[in-house]
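The next block holds one structure in the form of structure tokens; read it before the comments.
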Amino acid sequence: MNDSSSSADTPGASAAVAETSTVEPLPEKSLPVASPTSPKSNPSATTPRPLKTTSATVPAGLDSLLSPTETEAKFFVRQSVAASDTTDDETRFSTVLLSSARQSLAVSPSTAQGPSSQLHTVDEGTGSDESTLVDDWKKHKKTASNSTILSGNNVPYLADEVRSRPSSLQGAQQIKEEYNKRQTEDAEAAVDWDFWGQVISDYQGFAAANPERLAKAIEHGIPKTLRGMIWQLMSASKDPELERTYLRLLKETSPHEKAILRDLGRTFPHHAFFTDGHGIGQENLFNVLKAYSLYDPQVGYCQGLPFIVAILLLNMPDEEAFCLFVRLMHSYDIRGHFLPEMPKLQLRLFERLLEEVLPVLHLHFVRQGIKASMYCSQWFLTMFSYRFPMDIVFRIYDNCLASGIEAMFAFSMALLSKNERILLSMKFDQLLGFLNQRIFEVYQVEPVDPSQPSAEVRYRVDEFVQDAFSLRITPFMLDNYAHEYEELVRARDAHRIEMETLKAQNQRLSAQVKTLEESLAQLNTEHCEVLNELVRSRLRHEELEGELVRYKFLYAEAMHQSEDAMSSHRISLVSKRGSSSTNG
1 MNDSSSSADT PGASAAVAET STVEPLPEKS LPVASPTSPK SNPSATTPRP
51 LKTTSATVPA GLDSLLSPTE TEAKFFVRQS VAASDTTDDE TRFSTVLLSS
101 ARQSLAVSPS TAQGPSSQLH TVDEGTGSDE STLVDDWKKH KKTASNSTIL
151 SGNNVPYLAD EVRSRPSSLQ GAQQIKEEYN KRQTEDAEAA VDWDFWGQVI
201 SDYQGFAAAN PERLAKAIEH GIPKTLRGMI WQLMSASKDP ELERTYLRLL
251 KETSPHEKAI LRDLGRTFPH HAFFTDGHGI GQENLFNVLK AYSLYDPQVG
301 YCQGLPFIVA ILLLNMPDEE AFCLFVRLMH SYDIRGHFLP EMPKLQLRLF
351 ERLLEEVLPV LHLHFVRQGI KASMYCSQWF LTMFSYRFPM DIVFRIYDNC
401 LASGIEAMFA FSMALLSKNE RILLSMKFDQ LLGFLNQRIF EVYQVEPVDP
451 SQPSAEVRYR VDEFVQDAFS LRITPFMLDN YAHEYEELVR ARDAHRIEME
501 TLKAQNQRLS AQVKTLEESL AQLNTEHCEV LNELVRSRLR HEELEGELVR
551 YKFLYAEAMH QSEDAMSSHR ISLVSKRGSS STNG
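Residue numbers (the UniProt record's numbering): 1 to 584.
Structure (structure tokens):
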């Protein structure tokens with residue numbers, strides 16, 4: 001995992017977050033079931049029509065049980081926190097709205113840029129051969145299907161869809177057949193078939209009429225036999241066109257196949273469904289991961305994805321798991337966790353929440369040098385499916401799909417709060433081992449007979465879920481923390497820009513100083529040469545002066561000799577004249 005600065009129009013930043021002024025704290029027992037819209041095959045159907053309900057029948061804060069519908073003017077929408085250009089290096093994790101305002105922006109992968117545009121796209125080579133896709137669909141190996149229902153947001157508009165999309169009738173019939181089949185097979189199971197039958201037959205209508213009852217039922221856990229069906233209803237992930245795209249992608253080759261194959265054996269190696277290296281479990285896991293790596297080249301394949309996909313495959317066939325995985329990645333913004341630039345907003349929100357909810361433990365972590373990235377990253381990257389017991393993981397998925405990814409914050413805080421006393425007594429090395437491997441053991445049910453270690457380990461999952469929702473972590477809190485961090489990032493970016501400007505100026509001044517120093521050095525060299533020449537000139541001048549003095553002495557001596565000679569000559573002449581006169 002490497003790189004991430006997402007912008008507001010990228011698929012990784014698809015989570016819509018409402019203005020903080022419109023978010024109200026949820027009732028204590030309310031679990032909002034907010035599900036993204038299901039994409040349609042034609043442009044006019046990509047945004048579903050709003051569900052017409054009387055506001056008086058839905059308690060405040062509970063209308064978010066409805067799947068998001070078309071934007072209405074009364075809702076105020078702000079850009080996703082993950083899309084903020086001020087959090088370009090800290091947006092690894094982005095938030096998904098929990099309250100009813102989440103309905104104000106229904107995000108469909110088909111409307112986003114990048115690889116998600118493939119949602120309704122079939123290559124020209126394959127689009128012309130529709131019968132081939134149909135044949136592949138029939139021949140494709142499947143696991144035992146938990147549901148073949150249509151997307152949840154198709155049901156309220158069934159009458160309109162009959163006219164525009166006759167295949168909706170077939171999907172409605174499939175849901176009834178699948179539900180009736182499971183009711184017959186598991187007649188002895190402790191499942192309230194009447195209740196869940198009403199939920200499945202008209203999810204939107206039931207959520208609008210009985211929000212508290214549905215929230216309480218999801219909080220207590222979705223029945224195993226219906227879990228895959230309900231997950232698809234809550235997320236509105238059922239999409240036949242996307243399933244056909246999945247079948248088409250299986251025929252292509254991915255550059256990540258070797259990495260995927262290498263990690264298959266590490267994904268739930270002790271689970272019977274994935275134990276056989278040549279079994280359908282690992283085959284479907286490989287197929288979904290390979291198809292998504294082709295569907296979303298920007299993310300491709302990253303470690304952590306197999307654990308999320310594996311949980312989906314344990315509850316539905318691979319083509320439905322692929323559709324739900326695409327929905328999780330794009331509309332629930334799990335995709336932001338795996339972007340190459342690895343943004344860190346959600347880790348920052350987690351640390352800020354830890355500081356607010358558990359200040360003593362936060363201070364202890366700071367003193368011991370424990371950062372959220374050392375233990376919390378694997379929780380978010382795998383949605384708790386790495387090392388956590390399956391019973392706990394399934395319940396976490398129930399609530400995350402119902403109320404949004406913010407539920408992971410609540411579960412994280414519940415784990416830390418429950419273990420606060422023992423965590424405060426540990427040092428750095430002990431903390432890392434406990435946080436990564438044993439933190440969930442606090443909810444383990446003590447065996448009746450400790451002498452029988454082979455007894456199945458059980459956990460108080462209901463208590464875990466209740467502890468998580470008793471913390472009342474609201475989107476309002478997370479939005480405030482996100483705004484705080486945005487301001488911090490803005491200030492930091494402003495300081496960074498100022499520092500970069502000063503550095504640029506300093507570089508220019510340094511270049512000028514260097515040029516001046518070079519000029520000065522050249523002048524010094526020339527000055528030294530001039531001084532040397534002056535010294536040499538003075539020496540030559542002194543030599544010439546010495547020569548001149550010597551020549552002056554020679555000249556004086558010559559003049560003196562000349563005068564002596566002249567005097568001698570005159571004397572001799574006078575002597576000759578005197579001799580001549582005497583003789584005469």
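Cβ atoms here follow ideal geometry from the backbone N, Cα and C, with glycine treated the same way. Since this is a predicted model, take the numbers as computed values, not measurements.
Would you grab the beta carbon distance between Ala-414 and Leu-471 for me? Rounded to a whole angstrom, and I think it's under 8 angstroms.
-> Within the sequence shown, residue 414 is the residue found at index 414, counting from 1. Within the sequence shown, residue 471 is the residue found at index 471, counting from 1. The beta-carbon separation of Ala-414 and Leu-471, rounded to 6 angstroms, stays under the 8 angstroms limit for a contact.
Leaving out five residues before and five after Ala-407 in sequence, what residues of the same chain have Cβ atoms less than 6 angstroms from its Cβ?
-> Against the sequence shown, residue 407 aligns to sequence position 407. Closer than 6 angstroms at Cβ, skipping near neighbours: Asn-399, Cys-400.
Give me the Cα-Cα distance between Ser-168 and Leu-324, rounded to the nearest whole angstrom.
-> One-based indexing of the sequence shown puts residue 168 at position 168. One-based indexing of the sequence shown puts residue 324 at position 324. With a pLDDT of 39 at Ser-168, under the threshold of 50, the predicted position of this residue should be treated as unreliable, and no value is reported.
How is Gln-444 classed by DSSP in three states: helix, strand or coil?
-> Indexing the sequence shown from 1 puts residue 444 at position 444. In the three-state reduction of the DSSP assignment, Gln-444 falls in the strand class.
Should Ala-372 go down as buried or exposed, given a rule of 16 or more other Cβ atoms within 10 Å for buried?
-> By 1-based counting over the sequence shown, the position of residue 372 is 372. The residue is buried, with at least 16 neighbouring Cβ atoms inside 10 Å.
What is the C-beta distance between Thr-267 and Pro-306, in whole angstroms, given that I count them as a contact (C-beta under 8 angstroms)?
-> Residue numbering aside, residue 267 sits at position 267 when the sequence shown is read from its first letter. Residue numbering aside, residue 306 sits at position 306 when the sequence shown is read from its first letter. Sure, about 4 angstroms apart at Cβ, within 8 angstroms.
Going straight from the alpha carbon of His-278 to that of Asp-318, what length do you get?
-> Looking up residue 278 in the sequence shown gives position 278. Looking up residue 318 in the sequence shown gives position 318. Each residue's CA atom was taken as its position, placing His-278 and Asp-318 some 16 angstroms apart.
Taking just the CA atoms, how far does Asn-480 sit from Val-489?
-> Locating residue 489 in the sequence shown gives position 489, counting from the first residue. Locating residue 480 in the sequence shown gives position 480, counting from the first residue. If I take the Cα positions, the gap works out to 14 angstroms.
Using the Cα positions of Met-229 and Ile-200, report the straight-line distance between them to the nearest angstrom.
-> Position 229 of the sequence shown, counting from 1, holds the residue named residue 229. Position 200 of the sequence shown, counting from 1, holds the residue named residue 200. CA-CA distance, Met-229 to Ile-200, rounds to 8 angstroms.
Which value, in whole angstroms, describes the spacing of the CA atoms of Leu-250 and Gly-300?
-> Sequence index remark: in the sequence shown, residue 250 carries index 250 (1-based). Sequence index remark: in the sequence shown, residue 300 carries index 300 (1-based). Distance between the alpha carbons of Leu-250 and Gly-300 is about 15 angstroms.
When you compare only the Cα positions, how much space is there between Phe-469 and Ser-510?
-> Residue 469 sits at position 469 when you count from the first residue of the sequence shown. Residue 510 sits at position 510 when you count from the first residue of the sequence shown. Approximately 59 angstroms, taken between the alpha carbons.
Using DSSP with H/G/I as helix, E/B as strand and the rest coil, what is Tyr-459?
-> Residue numbering aside, residue 459 sits at position 459 when the sequence shown is read from its first letter. Three-state result, Tyr-459: strand.
Assuming Phe-286 contacts Leu-261 under a Cβ cut-off of 8 angstroms, what Cβ separation, rounded to an integer in Å, is found between them?
-> Mapped onto the sequence shown, residue 286 falls at position 286. Mapped onto the sequence shown, residue 261 falls at position 261. Confirmed, Cβ separation roughly 7 angstroms.
Contact check, Ser-425 vs Leu-358, beta carbons under 8 angstroms | One-based indexing of the sequence shown puts residue 425 at position 425. One-based indexing of the sequence shown puts residue 358 at position 358. The Cβ atoms of Ser-425 and Leu-358 do not sit closer than 8 angstroms to each other.
Option nearest Gln-282 by Cα separation, candidates Arg-577, Leu-294, His-495, Glu-257 = The count along the sequence shown starts at 1 and reaches residue 282 at position 282. Gln-282 has its Cα closest to that of Glu-257, out of Arg-577, Leu-294, His-495, Glu-257.
Quick one: measure Cβ to Cβ for Leu-423 and Met-374, integer angstroms, because I've assumed they're closer than 8 angstroms.
-> Position 423 of the sequence shown, counting from 1, holds the residue named residue 423. Position 374 of the sequence shown, counting from 1, holds the residue named residue 374. About 13 angstroms separates the two Cβ atoms, so there is no contact after all.
Roughly how many angstroms separate the alpha carbons of Asp-263 and Asn-506, rounded to a whole number?
-> Start at 1 with the first residue of the sequence shown, and residue 263 comes out as number 263. Start at 1 with the first residue of the sequence shown, and residue 506 comes out as number 506. Asp-263 and Asn-506: Cα-Cα distance of roughly 50 angstroms.
Which residues bound the alpha helix (DSSP H) around Gly-546?
-> Position 546 of the sequence shown holds residue 546. Unbroken alpha helix (DSSP H) run through Gly-546: 475-583.
Where does the unbroken alpha helix (DSSP H) through Glu-351 begin, and where does it stop?
-> What you label residue 351 is simply residue 351 of the sequence shown in a count that begins at 1. Where Glu-351 is concerned, the enclosing alpha helix (DSSP H) stretches over 345-357.
C-alpha gap between Asn-284 and Phe-394, whole angstroms | Indexing the sequence shown from 1 puts residue 284 at position 284. Indexing the sequence shown from 1 puts residue 394 at position 394. Between the alpha carbons of Asn-284 and Phe-394 lies a distance of about 19 angstroms.
Take Glu-243 and list the residues in its own chain whose beta-carbon comes closer than 8 angstroms to its own, dropping the five residues that flank it on each side.
-> Mapped onto the sequence shown, residue 243 falls at position 243. If the five residues before and after Glu-243 are omitted, its C-beta is found closer than 8 angstroms to the C-beta atoms of Trp-137, Glu-319, Glu-320, Phe-322, Cys-323, all from its own chain and listed in chain order.
Does the Cβ of Ser-377 have 16 or more other Cβ atoms within 10 Å, making it buried, or fewer, making it exposed?
-> Walking along the sequence shown from the start, residue 377 turns up at place 377. It counts as buried.
For Leu-435, which residues from the same chain have a beta carbon less than 7 angstroms from its beta carbon, with the 5 sequence-adjacent residues on both sides left out?
-> Locating residue 435 in the sequence shown gives position 435, counting from the first residue. Taken in chain order, the residues that qualify are Tyr-375.
In three-state DSSP terms, what is Arg-438?
-> Within the sequence shown, the letter at position 438 stands for residue 438. Here Arg-438 sits in coil by DSSP.
Whose CA, out of His-220, Gln-198, Ala-208, lies closest to the CA of Trp-467?
-> Within the sequence shown, the letter at position 467 stands for residue 467. As written in the sequence, residue 467 is Asp, which differs from the Trp given in the question. Nearest C-alpha to Asp-467: His-220.
Is the beta carbon of Leu-478 sitting closer than 8 angstroms to the one on Phe-428?
-> As a first step, residue 478 must be located in the sequence shown, where it is residue number 478. As a first step, residue 428 must be located in the sequence shown, where it is residue number 428. Cβ atoms of Leu-478 and Phe-428: not closer than 8 angstroms.
Leu-539 versus Ala-565: straight-line alpha-carbon distance, rounded = The residue you call residue 539 lines up with position 539 of the sequence shown. The residue you call residue 565 lines up with position 565 of the sequence shown. Whole-angstrom Cα-Cα distance: 39 angstroms.
Roughly how many angstroms separate the alpha carbons of residue 585 and Met-499, rounded to a whole number?
-> In the structure displayed, the chain extends from 1 to 584; residue 585 sits before or after that span and is not available.
Mind checking whether Ala-482 and Leu-345 have CB atoms under 8 angstroms apart?
-> As a first step, residue 482 must be located in the sequence shown, where it is residue number 482. As a first step, residue 345 must be located in the sequence shown, where it is residue number 345. Result yes, Cβ atoms of Ala-482 and Leu-345 sit closer than 8 angstroms.
Which of helix, strand or coil does DSSP assign to Gln-466?
-> Counted from its first residue, the sequence shown places residue 466 at position 466. Under the three-state reduction of DSSP, Gln-466 is assigned to helix.
DSSP state of Gly-279, grouped into three classes?
-> Within the sequence shown, residue 279 is the residue found at index 279, counting from 1. Gly-279 falls in the coil class under three-state DSSP.
According to the neighbour-count rule (16 or more other Cβ atoms, all chains shown, within 10 Å of its Cβ), is Thr-275 buried or exposed?
-> As a position in the sequence shown, residue 275 is number 275, starting the count at 1. Around the beta carbon of Thr-275, fewer than 16 other beta carbons lie within 10 angstroms, which makes this residue exposed.
What separation, rounded to the nearest whole angstrom, lies between the Cα atoms of Ala-405 and Glu-486?
-> As a working note, residue 405 is residue 405 in the sequence shown. As a working note, residue 486 is residue 486 in the sequence shown. The question names Ala, but residue 405 in the sequence shown is Ile. Answer to the nearest angstrom: the Cα atoms are 20 angstroms apart.
Assigned secondary structure, His-220 (DSSP; H/G/I helix, E/B strand, else coil) = As a first step, residue 220 is located in the sequence shown; it is residue number 220 there, counting from the start. If DSSP states are grouped into helix, strand and coil, His-220 belongs with coil.
State the DSSP-derived secondary structure class of Glu-241, mapped to helix, strand or coil.
-> Sequence index remark: in the sequence shown, residue 241 carries index 241 (1-based). Three-state result, Glu-241: helix.
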